[in-house]
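Only one structure is covered here, and it is reproduced in the block below.
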Amino acid sequence: MDRAVTAHSAGMPYITELGDGVHAWRSDTVPSNGGADAAEDPESLVLSALGACTAITVRMYASRKQWPLEAVDVRLHYTRRDATGTTIAREVVLKGELDDVQRARLMEIADKCPIHRLLTGEVVIEAAN
Numbered sequence: 438m439d440r441a442v443t444a445h446s447a448g449m450p451y452i453t454e455l456g457d458g459v460h461a462w463r464s465d466t467v468p469s470n471g472g473a474d475a476a477e478d479p480e481s482l483v484l485s486a487l488g489a490c491t492a493i494t495v496r497m498y499a500s501r502k503q504w505p506l507e508a509v510d511v512r513l514h515y516t517r518r519d520a521t522g523t524t525i526a527r528e529v530v531l532k533g534e535l536d537d538v539q540r541a542r543l544m545e546i547a548d549k550c551p552i553h554r555l556l557t558g559e560v561v562i563e564a565a566n
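Position 88 (the sequence shown) corresponds to 525 in the working numbering; numbering is contiguous.
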């Protein structure tokens, strides 16, 4: 189910109130950009979405297969952001008594999470006024 996300920024630069009608969260930027660093910056929110989606997708698959996956840790950071593109480094650590075949399959599944597909596919943003 897709929920529309809203962003509202007024008052303190540059704190932005975000919500989807069910949940609420905030974003800000670092002081070097004029913000107060009062919440995650937008770039961290993108990485968080990818990390959460990766972990959830891997856990769901392992659960359906009844594999002994105990935990998934995902570490992400930008290694390049410039005019030619962006590179994100992602490290996935699978915890549990998994065999090599199970580990390899779960790493393949990590690339199939919806946010990974969104970030690596073509995205068109339709602007409305």
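No residue lacks a Cβ here, since even glycine has one placed at the ideal position from N, Cα and C.
With a threshold of 16 other CB atoms inside 10 Å of the CB of residue i, please say whether the residue is buried or exposed.
i	result
S469	exposed
D465	buried
G448	exposed
L555	exposed
V529	buried
Can you give the Cα-Cα distance for residue i and residue j, rounded to whole angstroms?
i	j	result
D450	D457	First, the amino acid is wrong: residue 450 is Pro here, not Asp. Going by the C-alpha atoms only, they are around 22 angstroms apart.
A547	A565	33 angstroms
E477	H514	14 angstroms
R542	R518	30 angstroms
V467	E559	29 angstroms
T557	G522	11 angstroms
H460	S481	18 angstroms
A441	L487	18 angstroms
When the distance is taken between beta carbons, is residue j closer than 8 angstroms to residue i?
i	j	result
I452	C490	no
A496	V483	Sequence check: residue 496 is Arg here, not Ala. Result no, Cβ atoms of R496 and V483 do not sit closer than 8 angstroms.
V511	A526	no
Taking residue i as part of the alpha helix (DSSP H), name the residues at either end of that continuous run.
i	result
L506	No alpha helix (DSSP H) holds L506; the beta strand (DSSP E) holding it covers 506-519.
S500	479-502
Looking at the unbroken beta strand (DSSP E) that takes in residue i, where does it start and where does it end?
i	result
A444	443-446
Could you pull out every residue in the same chain whose Cβ sits closer than 6 angstroms to the Cβ of residue i, ignoring the five residues on either side in sequence?
i	result
C550	C490, T491, T494
G471	P450
Y498	I546
Of all Cβ atoms in chain B, is any one closer than 8 angstroms to the Cβ of residue i?
i	result
V538	Among the protein chains of the structure shown there is no chain B, as only one such chain exists.
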